[in-house]
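Remarks on the structure that follows.
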């Protein structure tokens, strides 16, 4: 049982699927594949902007700079790709909302997405912003971020974002 | 897009009560059919078809399996229709596996024809001679859980037209017409 | 595989048929889990491969990480992209092996191969030609036009590869009767056999 089924959201999902956006995408030959392709382009950019920060937190990648600087540099690219993902993901969802109502992978994806966004803004980014020295030095400085904490944050961030992507791909395989 | 010729006046073959039931069921359960990952990119929700005949070949392939069913047309000719199904994995979870549908098995598959009007369709339900119906489709609409899901309310709007179209030609004709339109 | 009779027997086609006749190819395309997992890995690796590459390209364009020397990104970030590329190629070859005849005559697949060649040429241009005087612009926030050009080409080509790659799954242009002459030619279907 999905949440959609358990909580009786079917009618709502059904209404979404009947929205003009959903209908237009379903009736078109090119809209779904086209939007889906842009969704994938967003995935690539999202992957880059997330991984470049997480790798730094793990102690690899752009080690000449502090995690704080890498995070600040990647910030707008992350927000931009997240915006592309939402702008394309919502119409794709509308076009097949009923399918999503019965699809476990979709709900896993949404839960993971929520978790990923919360984790990124509540835990990872605040940690990265406090890690202001370049190399491993911050562990020695009083009150600085211990390396294991940053590494854990990086590993968790990669895991949840990859889960979002994997569950998303699996929507198509788990019908 | 070529128009489908109206054949309502023509006498159709006695296709069997089962086919009528399936066609009617298709109208109801199939109303939520357009949920294939890109159903709209390849298949036409306004062209419900019912293909009845022996399975002549199964392509047990990813990402979608294909059932080839030889349909006997009214004029005595035979047409092989390719009906798209889910992934081998989803089919297995619904109780359809390689050996459960040997070549030669008589089936009735209802679904939707491809937009290019070739002899291909997106399969929805597969009904066997004993009346057992299995959802073979590419995606969940509730049907995967329990066959035809009675908890899903039939959809308003486009449903009535579809119901008439699918139920009236009683199987054979629905699948036969587009084939003619193409030639 | 489907529509085999429509194909013109070419060397390419014969090779694909030969691959297709392998038991492993059949096992792969019919597999319950391996194929979906392979395909998912291929898609998800775009995050690592194109994602990391895009970060380097954005630096070359002067759009991001401007305070970092270009060499810092090519030595610290590009290897991750290369690792992703290796996974991409491995999973991609296996996916091709699972359905060789179908992909050989898929217009999108053919276009993707052309784009991959273009990407290779562009990468060669960057590493062999454009990068020769890198010391001169390594620390410039905005490298010279020639450098930015290859970076823009890289982004554009790889974006096209992603889009075209996704389209491979759609069979609008399959070898079958009624396809326009251009498609019949581009997909390598035999014109007289495509009815």
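Protein chains in written order, with this note's numbering: chain A, 1 to 175; chain B, 1 to 183; chain C, 1 to 195. Here a beta-carbon is modelled for each residue, glycine too, at the ideal position from N, C-alpha and C. In this text the structure is predicted, and so the values were computed from the model without any measurement.
Asked	Found
Under 7 Å between the Cβ atoms of residue 62 of chain B and residue 87 of chain B?	yes
Mind pulling the chain B residues with CB within less than 7 Å of residue 35 of chain C?	62
Can you list, in chain order, the residues of the stretch 18 to 30 of chain A whose Cβ is nearer than 8 Å to any Cβ on chain B?	18, 25, 26, 27, 28, 29 and 30
Unbroken beta strand (DSSP E) runs of length 3 or more, entirely within the stretch 29 to 84 of chain B: which are they?	43 to 59, 66 to 72 and 78 to 84
Apply the 10 Å Cβ neighbour rule to residue 103 of chain B and answer buried if 16 or more other Cβ atoms are within range, or exposed otherwise.	exposed
If you check the beta carbons only, do residue 126 of chain B and residue 107 of chain B fall under 7 Å apart?	yes
How would you call residue 72 of chain C, buried or exposed, if buried means at least 16 neighbouring beta carbons within 10 angstroms?	buried
Using a Cβ-Cβ cut-off of 7 Å, state whether residue 133 of chain B counts as contacting chain A.	no
Distance check for residue 93 of chain B and residue 163 of chain C, CA to CA, integer angstroms please.	32 Å
Who does residue 128 of chain B pair with in a DSSP beta bridge?	B:107
Do you know how far the Cα of residue 61 of chain A is from the Cα of residue 55 of chain A?	5 Å
Mapping DSSP to helix, strand and coil, what is residue 134 of chain C?	helix
Out of C:56, C:103 and C:108, which one is the CA nearest neighbour of residue 19 of chain C?	C:103
Spatial neighbours of residue 12 of chain C within its chain, please: C-beta separation below 8 Å, excluding the five flanking residues on both sides.	104 and 188
Grab the span of the beta strand (DSSP E) containing residue 29 of chain A for me, first residue to last.	Counting along the chain, residue 29 of chain A falls outside any beta strand (DSSP E), and DSSP gives it neither H nor E.
Starting from residue 93 of chain A, follow the beta strand (DSSP E) in both directions and report where the run begins and ends.	Premise fails: residue 93 of chain A lies in the alpha helix (DSSP H), 67 to 95, not in any beta strand (DSSP E).
Give me the residue from A:64, A:13, A:96 and A:11 with the minimum Cα distance to residue 36 of chain A.	A:96
How would you label residue 78 of chain B, buried or exposed, when you count the other beta carbons within 10 angstroms and need 16 or more for buried?	exposed
Between which two residues does the beta strand (DSSP E) holding residue 133 of chain B run?	133 to 135
Please list, in chain order, the residues of the stretch 103 to 130 of chain B that have any C-beta partner in chain C closer than 8 Å.	116 and 118
Helix, strand or coil for residue 170 of chain C per DSSP?	coil
What I want to know is whether the C-beta of residue 120 of chain C ends up closer than 6 Å to one or more non-hydrogen atoms of the ligand MG.	Absent from the structure shown: the ligand MG. Ligands present: none.
Taking CB distances under 7 Å as the criterion, tell me whether residue 157 of chain C reaches chain A.	no
Between which residues of its own chain and residue 25 of chain A is the CB-CB distance below 8 Å, once the five residues before and five after are set aside?	31, 32, 35, 91, 92, 94 and 95
Residue 45 of chain A and residue 81 of chain A look like a contact to me (Cβ under 8 Å); what is the Cβ gap, rounded to whole Å?	4 Å
What are the boundary residues of the alpha helix (DSSP H) that includes residue 205 of chain C?	Nothing about residue 205 of chain C can be read from this structure; chain C reaches only from 1 to 195.
Report the rounded CA-to-CA distance for residue 137 of chain B versus residue 147 of chain A, giving the unit in angstroms.	50 Å
State the CB to CB distance for the pair residue 183 of chain C and residue 108 of chain C, rounded to an integer number of angstroms; the pair is presumed to be in contact (CB under 8 Å).	About 11 Å separates the two Cβ atoms, so there is no contact after all.
So which residues of chain D does residue 30 of chain C contact, with C-beta pairs closer than 7 Å?	The question asks about chain D, but that chain is absent: this structure's protein chains are A, B and C.
Taking Cβ positions only, does residue 182 of chain C come closer than 7 Å to chain B?	no
Applying a beta-carbon distance threshold of less than 8 Å, which residues of chain B neighbour residue 171 of chain C?	42
Give the single residue among C:113, C:142 and C:96 whose Cα lies nearest to the Cα of residue 29 of chain C.	C:96
Under the three-state reduction of DSSP, which class applies to residue 98 of chain B: helix, strand or coil?	helix
For a cutoff of 7 Å on Cβ pairs, would you count residue 136 of chain A as touching chain C?	Reliability fails at residue 136 of chain A, whose pLDDT of 49 lies under 50, so the model's placement of it is uncertain and the value that follows must be treated cautiously. No - not a single Cβ of chain C is within 7 Å of the one on residue 136 of chain A.
Per DSSP, what kind of secondary structure is residue 165 of chain C in: helix, strand or coil?	helix
Cβ closer than 9 Å: which chain B residues qualify as neighbours of residue 166 of chain C?	Within chain B, no residue comes near residue 166 of chain C; the closest Cβ sits about 10 Å away, beyond 9 Å.
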